[in-house]
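With the numbering used here applied, the sequence shown covers 973 to 1193.
The beta carbon of each residue, even a glycine, is placed where N, CA and C say it ideally should be.
Read the structure below first, then the notes.
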Amino acid sequence: MSPELLRLLVQATLDTLQMVAVAASLGTLVGLPLGVFLATSGRGELLAAPWLNRALGLVVNATRSTPFIILVVAIIPFTRLLAGTSIGTNAATVPLTVAAIPFIARLVEGAVREVDGGLVEAARAFGASPLQIVLKVLIPEALPGIVLGLTLAVVSLIGFSAMVGAVGGGGLGDLGIRYGYQRFMPEMMLAVVVVLIVLVQLVQTLGDRLARRMNKRLRHG
């Protein structure tokens, strides 16, 4: 591979990392509290607001049901409004974030629902407020599951970031399509795939180790 192609590969990798990092951060910022609320706001639950729970659940399900490539095209006006363009790395971050929020919310919801209900009852018996139970019981106990969920979300975002290359989103997907497919350079396509595999492996390994370290049951087992 020539130095120029290698430079393009490095730049595309950095663009992909930027897109994934921004989308994962913003997705977690919104998806984490949304997931906790979905897990605790059903009828008779800690923060009971069943009508709002159903409404948010419908929005989350609708967003998650939309194939990502269709979502990218459908929200182009919204992307242009925020990023000023629908092409490039910054623009691609918008649909990635929109896709990440409901995905992360459902993963967090699942992790919170796994927490032993006896712990919540015990905290209630000691007079803890709902907010204290969420912050000091539910989230700490669900943290290993949340970390594993976020790891899965980041891995999925790496795949999505490659997909936005099909519509000029930049990053490794864009490089693979423009050089590997359109210019018929199989070595570039292979390099893109290898880099994506390495990124996924690194993220999964890091997430697994972090979750294992946070899991008190495994740590003291």
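What does the Cβ neighbour count give for residue i, buried or exposed, with the cut at 16 atoms within 10 Å?
{"i": "M1135", "result": "buried"}
{"i": "R1181", "result": "exposed"}
{"i": "N1025", "result": "buried"}
{"i": "A1216", "result": "The structure shown does not extend to residue 1216, since the chain is modelled only from 973 through 1193, so no value can be given for it."}
{"i": "S1101", "result": "exposed"}
{"i": "M973", "result": "exposed"}
{"i": "L1144", "result": "buried"}
{"i": "T1051", "result": "buried"}
{"i": "F1098", "result": "exposed"}
{"i": "P1074", "result": "buried"}
{"i": "L1018", "result": "buried"}
{"i": "F1156", "result": "exposed"}
{"i": "D987", "result": "buried"}
{"i": "P1067", "result": "buried"}
{"i": "I1146", "result": "A small correction: the amino acid at residue 1146 is Asp; Ile does not occupy that position in the sequence shown. So D1146 counts as buried."}
{"i": "T1177", "result": "exposed"}
{"i": "S1133", "result": "buried"}
I need the DSSP call for residue i, collapsed to helix, strand or coil.
{"i": "P1039", "result": "coil"}
{"i": "F1156", "result": "coil"}
{"i": "V1087", "result": "coil"}
{"i": "N1187", "result": "coil"}
{"i": "M973", "result": "coil"}
{"i": "S997", "result": "helix"}
{"i": "A1021", "result": "coil"}
{"i": "T985", "result": "helix"}
{"i": "F1009", "result": "helix"}
{"i": "T1065", "result": "helix"}
{"i": "A1100", "result": "coil"}
{"i": "L1051", "result": "For the record, residue 1051 in the displayed sequence is Thr; it is not Leu. DSSP places T1051 in helix when its eight states are reduced to three."}
{"i": "T1057", "result": "coil"}
{"i": "S1015", "result": "Here the sequence assigns Arg to residue 1015, which means Ser is not the residue at that position. The answer is coil: DSSP assigns R1015 none of H, G, I, E or B."}
Inter-stretch contact (C-beta, 8 Å, three-pair minimum) for the region 1080-1096 and the region 1003-1010: Inter-segment contact for the region 1080-1096 and the region 1003-1010 is present: three or more beta-carbon pairs are separated by less than 8 Å.
Could you tell me whether the region 1104-1117 touches the region 1155-1171, where touching means 3 or more Cβ pairs closer than 8 Å? With the cut-off at 8 Å, the region 1104-1117 and the region 1155-1171 do not touch.
What are the uninterrupted segments assigned as alpha helix (DSSP H) that are 4 or more residues long and contained completely in the region 1108-1170, given in chain order? The alpha helix (DSSP H) runs lying completely inside the region 1108-1170 and spanning 4 residues or more are 1111-1135 and 1143-1147, given in chain order.
Pair every Cβ in the region 1111-1125 with every Cβ in the region 1038-1052, then say whether three or more of these pairs are closer than 8 Å. Counting Cβ pairs under 8 Å, fewer than three are found: no touch.
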